[in-house]
Amino acid sequence: LLRGRGYVLPDDVKAVAHDVLRHRILLTYLAEAEEIVVDSVIDEIIRIVPIP
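Residues -12 to 39 (the working numbering) are what the sequence shown spells out, left to right.
Here's what the structure looks like:
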């Protein structure tokens, strides 16, 4: 994951975001009715959160 580094890069976070967050996000019935899936929510989170 860190490839010998003592720090984390944004790409490291993106690489594990789906596996780490997938079980933490619960969709509402409305979201499920609109066929929204958890992976698309995670993709949107990754897209809109600014990289420090």
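Glycine included, C-beta positions come from ideal geometry on N, C-alpha and C. Every value quoted in this text rests on a predicted model; they were computed, and no experiment measured them.
Excluding five sequence neighbours on each side, which residues of the same chain lie with their C-beta closer than 7 Å to the C-beta of I33? Here residue 33 corresponds to residue number 46 of the sequence shown, with the count starting at 1. Cβ within range, chain order: K1 and A4.
Please report how far the alpha carbon of A20 lies from the alpha carbon of R(-8), in whole angstroms. For the purposes of this step, residue 20 is identified with residue 33 of the sequence shown, where counting begins at 1. For the purposes of this step, residue -8 is identified with residue 5 of the sequence shown, where counting begins at 1. So the two alpha carbons sit approximately 43 Å from each other.
Check for me: the alpha helix (DSSP H) holding E31 runs from which residue to which? Your numbering for residue 31 matches position 44 in the sequence shown. E31 -> alpha helix (DSSP H) spans V25 to I35.
Burial state of I12, where buried means 16 or more other Cβ atoms lie within 10 Å: The residue you call residue 12 lines up with position 25 of the sequence shown. I12 is exposed by the Cβ-count criterion.
What do you get for I35, buried or exposed, if any count of 16 or more other CB atoms within 10 angstroms of its CB means buried? The residue you call residue 35 lines up with position 48 of the sequence shown. Its Cβ having fewer than 16 others within 10 Å, I35 is exposed.
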